[in-house]
Structures are given as structure tokens and as C-alpha cells.
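Here the structure comes first, spelled out in C-alpha cells, and everything after it is commentary.
In our numbering, the protein residues as written are 5 to 416.
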């Protein structure tokens, strides 16, 4: 994932360690050798690697923190991304030379807070997702000396900057400790408060609201839900896509644009990084925004898109009320190129979705993408075939000879 991000245009990657970040699942960076390799490769390529240490710790983690982080700091990451004031204070005292970026988990929404964190030695503030473009611009104007970073793409929490208790309430997996089960994505039904619930099911009646929620896997457990002038929050948020605001963010003077990529595929990383790299380069060069970039991001698995709070107010369109799973019907991720036969100009594809002779493929490559038509396929025994049914199959297909090395393919 790290190598893919760098190959497709990222300047930096952030990697969390399981115990002290909100990235517990699917995380190999808890291994120090892996982390050392990642930092070494980043620096060799002129890139940066930030170690995320943004857990909101209870006492037991505070007591082990410095000892566990000492070998990490010794690897010389470019910064630690942190949220808890106590841990930040410990790091500033123990390793004053270590750069610290303030995590979005710290909920920084105004210039006074940015000034406060600068006094504590913070070198960059990652602003809350709940800010508008004008508010970001005001913070930049009031705090010209502070590096600012904002999120532009990825999953959105229904809680304020990710501080959610829903998963902990349902199954005791605390989102603020990195073990969220994405309870906001589950299938909920809204019922009138006077609806009859089966007896003995532990149902909860509403005391002040008019509506109750019932989660699909918990029939009869009716939970009160209230709505204020801003809406109701136990719902499934659309994903953030703010590529159309890249130019404005650059004009404001934001130092870093951030893509959230938790548990995503290498294809997702390649495509999203490539698109935002192009948007940044176009903006810096003074070229107009290319609307086709919106369509390219539509091809990624997503829950529907919103530009978040950058332009207020979107009201009900901020929420995806229809379904909680990712949609990827606009295109299909065909698979990974895992081998290359230069003599025959054939690539071996590890198939993820059905592919047939005659299909059009888009080859995603750091040097630029190509669209081809599949004219011939061979199985591993060298016999010609017309269809690769799907996951678990490997086939040889002809690809342009100028595209050696690692490639990713998908339908267009």
C-alpha cells in the first residue's frame, strides 16, 4: 500500500501502530522491522512517513507509552501524529526534536486552538473535517506560521471528527481505541415511538422523541433517537470527495491534503492518489479543474459522495439513507498484474472479477493510464480461453510493451 501510494504521486504516507493508533485492523506496521523498511524506502525516494499515535489512552497505555515508542522514534519517522495532550506533553519532554502533528481527533476548529497548540510545540495541525472552506481560510490568515492539513477524500464518521461511542455501546469495541465495528453502517429501521415491540426483548421506549431505531440483527430492541435543527446522527454517512475544492485549498495555503485509506485495496490507493495528484498539479500550474476526475473517483467503491462541510449546507444529501454497503457498480476491479513475459508481451493477471475476450480494460500505471481491448487470453497451461470466471483464476493477456512492472487493471 505504501509503495503504491508513492508510485502514484503521494508525497507522504501515514502509518499507525496498532496499540497506540486508531488503526488496529489489517496493520503490519506494529512490526518494527516492517516499519523500519517503510521509513527507509520513503526517505530513499525523497518521501516522508508519519507514524500515527493518536489513541485517546486510558492509564494502562499511558504507562507503557514511552518505553514502547522509544524504538519507533529511533527509526526517525518524519513526525508523530498525536491527539492526546498528555501523550503530546510526554513526547515533547522526552524527544523535543521529534516533530508532532496534531491529529484530526483533537477536533481543532478555530484559530485560537491552533495558536494554543503552536505554543506547545506542535508543527502541523490537521483540522477537523467539520470546517468550511471559509473557516479554513480564516485559520490560515490568523495563523500563517502553522502548517495546516485537511482531509479531502475517504470515509466519514457520523460522529464529530470520529469521536464515536456507537460501536462501544453495541459490542464493547471502542472506536476511540481503534477497534470500531462501523456500527453506523448497519441496517436500521425507523419506527414510531408507539410501535409495539415483542415482550422480553429488552426494548427501550422513547421518553422525549417521537421515533425509535431498530437494528437489523437486534429485532425488538428499539432505541430512542432524537433530531435537532442539524439532523439526526445514527445514520450512514456518504464518503468524502473534495477533489473539486483542491484549487481553493491550495489558494488558501493549506500545506497538505490527506486521503483516508483505512482497509482499502491497492487499487483504491493507486486510483485516488493518482486523481488528487493530477488535481494538485493542475491547480499549481494554473490549469482549470478537469471534471473527468470526478468520474474517475466514481469508479472506486464508495457509499455515495459528499464534499462534507466544505460548502454548507447540504442538509439531507449529506447522508446516504438508501444502503450501508459500498457501491462499485460503475466499474469493476479486474485484478492485479503479477508477472510479465517480455518475450511474448503477455501479463499474468490475478483475476478478481470476471473478464472476457472483447472487454475493454483500463490499465492503471504510474506513467499514465491506457485503455485496451482484450483480444486474446491464455490459461496457465497456454491454452486460449474466452472467459476468466472470477476470483481465484490467473490468465495471460497481451498488454502494451511500454508498461512493464507492477500494474493494476479494471473495467471501464
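Yeah, the Cβ is synthetic: ideal placement off N, Cα and C, and Gly gets one too.
Taking all protein chains shown into account, residue 63 has fewer than 16 neighbouring C-beta atoms within 10 Å of its C-beta and is therefore exposed. The three-state reading of DSSP puts residue 155 in strand, counting E and B together.
Counting other Cβ atoms within 10 Å of its Cβ, residue 342 stays below 16 and is therefore classed as exposed. Look at residue 62 here: in three-state DSSP terms it is coil, with no helix or strand label.
Ranked by Cα distance from residue 349, the options 304, 401, 276, 23 are led by 401. A Cβ-Cβ contact shorter than 8 Å links residue 357 with residue 394. CA-CA distance, residue 250 to residue 398, rounds to 39 Å. Residue 296 carries a helical assignment under DSSP once its states are collapsed to helix, strand and coil. Residues 155, 157, 158, 159, 244 of the same chain have their beta carbon placed closer than 8 Å to that of residue 264, with the five preceding and five following residues left out of the count. Residue 196 has 215 as its beta-bridge partners, per DSSP.
As computed with DSSP, residue 374 is found in a beta bridge with 367. Of 188, 41, 370, 145, the smallest CA-CA separation from residue 307 is found for 188. Straight across, the Cα-Cα distance linking residue 114 with residue 314 is about 15 Å. Pairwise C-beta distances place the region 381-391 out of contact with the region 23-41, as fewer than three of them are shorter than 8 Å. Note on residue 44: under 16 other CB atoms within 10 angstroms of its CB, so exposed under the neighbour-count rule.
Cβ-Cβ distances below 8 Å link residue 270 to 5, 8, 340, 412 in the same chain, with the five nearest sequence neighbours on each side left out; the list follows chain order. The count of Cβ pairs closer than 8 Å, one atom from the region 49-63 and one from the region 83-97, reaches three, so the stretches are in contact. Contact between residue 33 and residue 16 does not hold, since their C-beta atoms are separated by about 15 Å, which reaches or exceeds 8 Å. Around the beta-carbon of residue 272, 16 or more other beta-carbon atoms lie within 10 Å, marking it buried. In this model, residue 116 and residue 248 are separated by some 28 Å (Cα to Cα).
Residue 366 has its alpha-carbon roughly 36 Å from the corresponding atom of residue 132. Distance between residue 290 and residue 282, taken at the CA atoms: about 12 Å.
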